[in-house]
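Just below is one structure, and these are the notes that go with it.
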Amino acid sequence: MKVDDLILQLQDVINDAKSMPFSGGKVMVSSDEIYDIIDQIQDAMPAEVRQAKNIVADRKQILAEANRESENIIRAAEERKKAMLNQNEIVREAQAKAKEIVDDAKQKSAEIRKAANVYVDSIIRRTEESISTQLDEIKKTRANILNSQKSKQN
Numbered sequence: 016m017k018v019d020d021l022i023l024q025l026q027d028v029i030n031d032a033k034s035m036p037f038s039g040g041k042v043m044v045s046s047d048e049i050y051d052i053i054d055q056i057q058d059a060m061p062a063e064v065r066q067a068k069n070i071v072a073d074r075k076q077i078l079a080e081a082n083r084e085s086e087n088i089i090r091a092a093e094e095r096k097k098a099m100l101n102q103n104e105i106v107r108e109a110q111a112k113a114k115e116i117v118d119d120a121k122q123k124s125a126e127i128r129k130a131a132n133v134y135v136d137s138i139i140r141r142t143e144e145s146i147s148t149q150l151d152e153i154k155k156t157r158a159n160i161l162n163s164q165k166s167k168q169n
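Its first residue numbered 16, the sequence shown is counted upward by one per residue in this note's numbering.
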């Protein structure tokens with residue numbers, strides 16, 4: 016089960032709990048049921064963390080692929096430059112064209128790297144926000160449970 020679903024289940028348990036009279040809105044819940052849900056949340060969290068690690072690994076793969084592609088573009092441009100330079104009649108034109116190709120390849124390479132970094136950063140940021148939100152919900156729920164238990168003891 017996903018952490019989001021477990022948090023909703025926890026909220027349902029609290030919402031469906033019986034109110035305690037004269038307690039200022041406090042409710043009685045089964046600690047066994049709450050602890051069972053918390054255990055499930057703790058079990059599910061590593062899966063979300065693994066997903067975040069996979070995203071980071073994907074980032075590395077995307078960057079490596081972008082680097083390979085940019086190197087291939089630059090290599091092809093260099094080879095084309097050499098081939099054009101071998102032609103005596105168009106040496107000057109070949110040099111200018113080759114420089115333009117290399118510059119264009121370098122620019123495309125930089126754009127590919129930048130786009131890959133932006134994409135990966137966006138995915139990591141969303142995952143970080145999701146995990147942070149879920150952790151905040153868990154902390155709130157835990158505090159509610161502890162407060163509920165304290166009020167039972169009083």
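Ideal Cβ positions, reconstructed from N, Cα and C, are used throughout, including at glycine.
Residue(s) in a DSSP beta bridge with residue i
i	result
residue 43	33
Check whether residue i and residue j have beta carbons under 7 Å apart
i	j	result
residue 160	residue 70	no
residue 109	residue 92	no
residue 33	residue 166	no
residue 59	residue 142	no
residue 63	residue 153	no
Residue nearest to residue i in terms of C-alpha spacing, selected from the options
i	options	result
residue 155	93, 25, 65	25
residue 48	63, 73, 28	28
residue 73	95, 46, 136, 31	136
residue 129	88, 118, 78	78
residue 61	22, 164, 17	17
residue 164	23, 38, 19	38
residue 131	76, 31, 158	76
residue 20	162, 158, 149	149
residue 118	88, 30, 134, 144	88
residue 158	36, 50, 96	50
residue 162	36, 144, 43	43
Any 3 or more C-beta pairs closer than 8 Å across the segment 49–57 and the segment 111–131: Between the segment 49–57 and the segment 111–131 there are fewer than three inter-stretch CB-CB distances shorter than 8 Å, so the stretches are not counted as touching.
So, does the segment 78–89 touch the segment 121–137, judging by three or more C-beta pairs under 8 Å? A contact exists between the segment 78–89 and the segment 121–137.
Which full runs of the beta strand (DSSP E) of 3+ residues lie inside the segment 75–155, going along the chain? Scanning the segment 75–155 from its first residue to its last, no whole beta strand (DSSP E) run of 3-plus residues comes out.
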